[in-house]
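Here is the structure we will look at, set down as structure tokens.
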Amino acid sequence: MGQDVRSPRGPRCIALVGPFQSGKTTLLEAILARTGAIKNAGSVDAGTSVGDASPEARHHKMGVGLSAATTTFMGDSYTFIDCPGSVEFVHDMRAALPAVDAAVVVCEADEKKLPQLQIILRELEDLGIPRFLFLNKIDRANKRIRETLATLQPASRVPLVLRQIPIWNGDLIEGFVDLALERAFVYREHKPSEVIALEGGNLDREKEARFSMLEKLADHDDALMEQLLEDIQPPRDAVFDDLARELREGVICPVLLGSAARENGVLRLMKALRHEAPAIAETAKRLGASSQKDALAYVFKTVHLQHGGKLSLVRMLAGHLDDGATLQSASGEAGRVSGILAVNGAHDSKRPSAEAGDTVALGKLDAIKTGDTVSSGKTAPQALVQVTPAAPVLAMSLSATDRKDDVKLGQALLRLNEEDQSLTMIQNPRTHDIVLWGQGEMHLRVALERLRDRFGVNVKSHPPAIGYQETIRKSITQRGRHKKQSGGHGQFGDVVLDIKPMPRGTGFEFHEKVVGGAVPRNYIGAVEEGVVDSLAKGPLGFPVIDVQVTLTDGSYHSVDSSDLAFRTAARIGMSEGLPQCQPVLLEPIHTVEIVCPNEATAKINAILSARRGQILGFDTREGWSGWDCVRATMPEAEIGDLIVELRSATAGAGSFTRTFDRMAEVTGRAADQIIAAHRVAA
15 MGQDVRSPRG
25 PRCIALVGPF
35 QSGKTTLLEA
45 ILARTGAIKN
55 AGSVDAGTSV
65 GDASPEARHH
75 KMGVGLSAAT
85 TTFMGDSYTF
95 IDCPGSVEFV
105 HDMRAALPAV
115 DAAVVVCEAD
125 EKKLPQLQII
135 LRELEDLGIP
145 RFLFLNKIDR
155 ANKRIRETLA
165 TLQPASRVPL
175 VLRQIPIWNG
185 DLIEGFVDLA
195 LERAFVYREH
205 KPSEVIALEG
215 GNLDREKEAR
225 FSMLEKLADH
235 DDALMEQLLE
245 DIQPPRDAVF
255 DDLARELREG
265 VICPVLLGSA
275 ARENGVLRLM
285 KALRHEAPAI
295 AETAKRLGAS
305 SQKDALAYVF
315 KTVHLQHGGK
325 LSLVRMLAGH
335 LDDGATLQSA
345 SGEAGRVSGI
355 LAVNGAHDSK
365 RPSAEAGDTV
375 ALGKLDAIKT
385 GDTVSSGKTA
395 PQALVQVTPA
405 APVLAMSLSA
415 TDRKDDVKLG
425 QALLRLNEED
435 QSLTMIQNPR
445 THDIVLWGQG
455 EMHLRVALER
465 LRDRFGVNVK
475 SHPPAIGYQE
485 TIRKSITQRG
495 RHKKQSGGHG
505 QFGDVVLDIK
515 PMPRGTGFEF
525 HEKVVGGAVP
535 RNYIGAVEEG
545 VVDSLAKGPL
555 GFPVIDVQVT
565 LTDGSYHSVD
575 SSDLAFRTAA
585 RIGMSEGLPQ
595 CQPVLLEPIH
605 TVEIVCPNEA
615 TAKINAILSA
625 RRGQILGFDT
635 REGWSGWDCV
645 RATMPEAEIG
655 DLIVELRSAT
665 AGAGSFTRTF
675 DRMAEVTGRA
685 ADQIIAAHRV
695 AA
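Here's what the structure looks like:
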């Protein structure tokens, strides 16, 4: 057996990923308990787990951000990163995955969760991260393992290779046979499994399943293929070497069995990680990090503590880092490390330094952000990772309950965005509200809870305003006259305006055709300003677009005329003229592209039709087995909470992107209702 494959290779970092409620945090508890990091495994339901320890996670009993905890096993250090399973919090997983040596995909034999599993496996496959599949809740299994594997295989683009088979006792699974070790084990609840004799029917099943495993390995090993063809049993060490090599090369995904709640299968998982998962040197090579003596690290998470300042969670890719060292990022931003902490859930402990492979939290790197590559060298490092947040799908308008907290709210939102770059803030220029965009209903709800509980800002929220506008259908000529006399100089401005509709999407044009100095040239700019003022709110209550206004005539007074007087005259002319131009309401129409499992496509089409959507067509999603892509146009007003209904119809897996297409007329009762509602709100 090659020592480079199975010998201890320093601190390892492993991601725990998987669909929502698959048991990732429970598995972390089992690992920590079995390796002695904690006395007893905690519980998510009881609020005693090391992972999911934030107040929001405790309240909702689900992962709403990643958790990290470190333990030791057979002399090696392991940091496990427990990633949220909900698609709404997937950005935390995407930011962390480049830093890990391998991933354990926790799943169960639930066909409904297959699309979520496919999303996660695709992410790992695209990043080239070695991955094990831990088939959890095996104690509840109600069908044969080969049936389960056949159900799960479509989610993976590489073969799922069974490493263990269950030992059945009637309808219950009481243990497993390890196909690589050729040993049988009986589960003992919250204790290590007990080795038993491999005999009888279990021996026959083991031989058949082991041969099937070796056949899949032989697809990438000619020597093994020859041995199988000649009916020669390969050496056990050679089988382990093949498993490790093919895992690292990403051509197989080994499958292990267990029950995290009962701590079954945990030691075999840990031994597989120890023997087969790559080490930091291979991870750094995958990221394209050049070998160097300087400290080199990747920042995969930013956390703002309520009273402890900013922490940057990093994976050390190379070198040695001391507390107090100065680090700089690829963009040239620099910061001095103020505290190095070992990560262990909510209970971090200080340490004097960090080495290659360590996963630690660094204090007070205010200029450094998630996704940065940082180095202690004299020159800025090359950026190794580019993490792009998914397009936001749901928005809400926010304002501080107490206006004196406006500045505090702005600062808190900036910190939230530092922690979670999939949150986006936009200032609405019309309403002056802050519009917070996120990945779904729970994502935004958790953001509001963090604003209140951690940053002390109470906010009011409501659906964001729809971008209604209005235009005109008819041309008219209108005079606007402003005359006021009140002691001293008066005010006088007089204009004649031609107001005309323009083709959709051409915007606003202003012209002047004044002859004979009826309006002096120095006042023409003020007339245009008055016209623009009036377009901010038309007769229906919305901004006016696609209008051409031409100043054709007017008059002035040598003493009483001024910029203000002509600006006011223009506003008067427009306010009197626009209602006569047959104003019409316009609503924004967007092109929507929805990706969904194909069994949900019919439901999606029905949802779109019920929301005034016009379906443009659908096709298979390129490169995604069992998925469709549906394209449609929809009014912006109907897209608001579309993601809630979409996720419900797709077991949490569907999503969409949208782009503005055009403004379209709204007439009749629908327009009357929109205008009336807007006037009430105003």
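Using our numbering, read the sequence shown as starting at 15 and increasing by one per residue. By construction, the Cβ of each residue, glycine as well, lies at the ideal position given by its N, Cα and C atoms.
* Could you spell out the range, first to last residue, of the beta strand (DSSP E) harbouring THR297? => Taking the sequence shown and counting its residues from 1, one reaches residue 297 at position 283. That residue, THR297, is in no beta strand (DSSP E); its alpha helix (DSSP H) goes 294–301.
* **Neighbourhood of LYS422 by C-beta, 8 Å cutoff - its chain only, sequence neighbours within 5 removed** => The residue given as residue 422 occupies position 408 in the sequence shown. These residues qualify, in order along the chain: ALA414, PHE469, GLY470 and VAL471.
* Asked: Rounded to the nearest angstrom, how far is the Cβ of ALA405 from that of THR40, given a contact under 8 Å?
  -> Your numbering for residue 405 matches position 391 in the sequence shown. Your numbering for residue 40 matches position 26 in the sequence shown. Contact check for ALA405 and THR40: beta-carbon distance about 32 Å, past the 8 Å limit, so the pair fails to qualify.
* Between the beta-carbon of ASN156 and the beta-carbon of VAL120, is there less than 7 Å? -> Position 142 of the sequence shown, counted from the start, is the residue given in the question as residue 156. Position 106 of the sequence shown, counted from the start, is the residue given in the question as residue 120. The Cβ-Cβ distance between ASN156 and VAL120 does not fall below 7 Å.
* **Nearest to ARG676 (by Cα), restricted to the options GLY531, GLU650 and THR664** => Within the sequence shown, the letter at position 662 stands for residue 676. Ranking GLY531, GLU650 and THR664 by Cα distance to ARG676 puts GLU650 first.
* For the stretch 330–357, which segments carrying the beta strand (DSSP E) assignment without a break, of at least 3 residues, lie completely within its bounds, in sequence order? -> Counting whole runs of 3 or more residues, the stretch 330–357 contains the beta strand (DSSP E) stretches 334–336, 340–343, 348–350 and 354–356.
* Asked: What is the DSSP secondary structure of ASN216, reduced to helix, strand or coil?
  -> Taking the sequence shown and counting its residues from 1, one reaches residue 216 at position 202. It is helical.
* Asked: How would you write the range of the alpha helix (DSSP H) that ASP255 sits in, first residue to last?
  -> On the sequence shown, residue 255 is found 241 positions in, with the first residue counted as 1. Start and end: 250–262.
* Beta-carbon spacing of LEU341, VAL388 below 7 Å -> What you label residue 341 is simply residue 327 of the sequence shown in a count that begins at 1. What you label residue 388 is simply residue 374 of the sequence shown in a count that begins at 1. Yes; because the gap between Cβ atoms is below 7 Å, this pair is in contact.
* Asked: What are the boundary residues of the beta strand (DSSP E) that PRO268 is part of?
  -> Your numbering for residue 268 matches position 254 in the sequence shown. Per DSSP, the continuous beta strand (DSSP E) segment holding PRO268 begins and ends at 267–271.
* Asked: CA-CA distance, ILE354 and GLU455?
  -> Your numbering for residue 354 matches position 340 in the sequence shown. Your numbering for residue 455 matches position 441 in the sequence shown. Rounded to whole angstroms, ILE354 to GLU455 spans 35 Å at the Cα level.
* Going by DSSP, which residues form a beta bridge with ILE559? -> If you number the sequence shown from 1, residue 559 lands on position 545. According to DSSP, which records beta bridges pairwise, ILE559 is partnered with nothing at all.
* Collapsed DSSP secondary structure at PHE469 in the structure displayed -> Indexing the sequence shown from 1 puts residue 469 at position 455. If DSSP states are grouped into helix, strand and coil, PHE469 belongs with coil.
* Using the beta-carbon count (16 or more within 10 Å), is VAL118 buried or exposed? -> Along the sequence shown, read from residue 1 onward, the residue named residue 118 stands at position 104. It is buried - the Cβ of VAL118 has at least 16 other Cβ atoms within 10 Å.
* Nearest-angstrom beta carbon gap, LEU174 and LEU166 [assumed within contact, 8 Å] -> Within the sequence shown, the letter at position 152 stands for residue 166. Within the sequence shown, the letter at position 160 stands for residue 174. Contact between LEU166 and LEU174 holds, since their C-beta atoms are separated by about 6 Å, short of 8 Å.
* **Cα-Cα separation between ASP655 and LEU408, rounded to whole angstroms** => One-based indexing of the sequence shown puts residue 655 at position 641. One-based indexing of the sequence shown puts residue 408 at position 394. Cα-Cα distance, rounded: 7 Å.
* Asked: Distance, Cα to Cα, ARG288 vs LEU271?
  -> Sequence index remark: in the sequence shown, residue 288 carries index 274 (1-based). Sequence index remark: in the sequence shown, residue 271 carries index 257 (1-based). ARG288 and LEU271 have their C-alpha atoms some 17 Å from each other.
* Under the three-state DSSP convention, the category GLY89 falls into -> The residue you call residue 89 lines up with position 75 of the sequence shown. Reduced to three states, the DSSP call for GLY89 is coil.
* What does DSSP give as the partner residues of PHE580 in its beta bridges? -> Walking along the sequence shown from the start, residue 580 turns up at place 566. Answer by DSSP bridge pairing: none, since PHE580 is not bridged.
* Range covered by the alpha helix (DSSP H) that runs through GLY682 -> On the sequence shown, residue 682 is found 668 positions in, with the first residue counted as 1. Its alpha helix (DSSP H) spans residues 682–695.
* **Collapsed DSSP secondary structure at ARG459 in the structure displayed** => Locating residue 459 in the sequence shown gives position 445, where the first residue counts as 1. Three-state result, ARG459: helix.
* To do: Could you tell me which of ALA461, VAL313, GLY24 and PRO248 sits nearest to ALA397, measuring between CA atoms?
  => For the purposes of this step, residue 397 is taken as the residue at position 383 of the sequence shown. Of the candidates ALA461, VAL313, GLY24 and PRO248, VAL313 places its Cα closest to the Cα of ALA397.
* Asked: Among residues of its own chain, excluding the 5 on either side of THR673, which ones have a beta-carbon nearer than 7 Å to its beta-carbon?
  -> The residue given as residue 673 occupies position 659 in the sequence shown. So the list reads HIS604 and THR605, once near-sequence residues are dropped.
* Could you check where the alpha helix (DSSP H) with MET410 kicks off and where it finishes? -> Here residue 410 is taken as the residue at index 396 of the sequence shown, counted from 1. For MET410, there is no enclosing alpha helix (DSSP H); the enclosing beta strand (DSSP E) covers residues 408–414.
* Nearest-angstrom Cα distance between SER352 and SER390? -> Position 338 of the sequence shown, counting from 1, holds the residue named residue 352. Position 376 of the sequence shown, counting from 1, holds the residue named residue 390. Going by C-alpha positions, SER352 is about 14 Å away from SER390.
* Asked: Between which two residues does the alpha helix (DSSP H) carrying LEU138 extend?
  -> If you number the sequence shown from 1, residue 138 lands on position 124. First-last of the alpha helix (DSSP H) with LEU138: 128–141.
* To do: Assess, as a yes-or-no matter, whether the stretch 632–640 is touched by the stretch 680–696 under the definition of 3 or more beta carbon pairs within less than 8 Å.
  => Fewer than three pairs of CB atoms, one per stretch, sit closer than 8 Å, so the stretch 680–696 makes no contact with the stretch 632–640.
* **Length of the line joining the Cα atoms of GLY322 and GLU601** => Translated into positions along the sequence shown, residue 322 becomes position 308. Translated into positions along the sequence shown, residue 601 becomes position 587. If I take the Cα positions, the gap works out to 47 Å.
* Counting Cβ pairs closer than 8 Å, one from the stretch 239–249 and one from the stretch 82–102, do we hit at least three? -> With the cut-off at 8 Å, the stretch 239–249 and the stretch 82–102 do not touch.
* Asked: How many Å lie between GLU679 and THR485 at the Cα?
  -> Taking the first residue of the sequence shown as position 1, residue 679 is located at position 665. Taking the first residue of the sequence shown as position 1, residue 485 is located at position 471. Spanning the alpha carbons of GLU679 and THR485 requires a straight line of approximately 9 Å.
* To do: Determine, using beta carbons only, whether CYS27 and THR384 come nearer to each other than 7 Å.
  => As a working note, residue 27 is residue 13 in the sequence shown. As a working note, residue 384 is residue 370 in the sequence shown. Cβ atoms of CYS27 and THR384: not closer than 7 Å.
* To do: Go to VAL509, then tell me how far its beta strand (DSSP E) extends in each direction, as first and last residue.
  => Walking along the sequence shown from the start, residue 509 turns up at place 495. It spans 505–515 - the beta strand (DSSP E) in which VAL509 sits, taken as one unbroken run.
* **Minimum length 3: unbroken beta strand (DSSP E) runs contained in the stretch 606–650** => Correct list: 628–634 and 641–649.
* In the structure shown, what three-state DSSP assignment does GLN499 receive? -> As a first step, residue 499 must be located in the sequence shown, where it is residue number 485. Collapsing the DSSP output to three states places GLN499 in coil.
* To do: Compare the beta carbon distance of HIS234 and GLU213 with 7 Å and say whether it is the shorter of the two.
  => Position 220 of the sequence shown, counted from the start, is the residue given in the question as residue 234. Position 199 of the sequence shown, counted from the start, is the residue given in the question as residue 213. For HIS234 and GLU213, no; Cβs fall outside 7 Å.
* **PRO144 versus ILE134: straight-line alpha-carbon distance, rounded** => On the sequence shown, position 130 is the one that residue 144 refers to. On the sequence shown, position 120 is the one that residue 134 refers to. Cα to Cα, PRO144 sits roughly 13 Å from ILE134.
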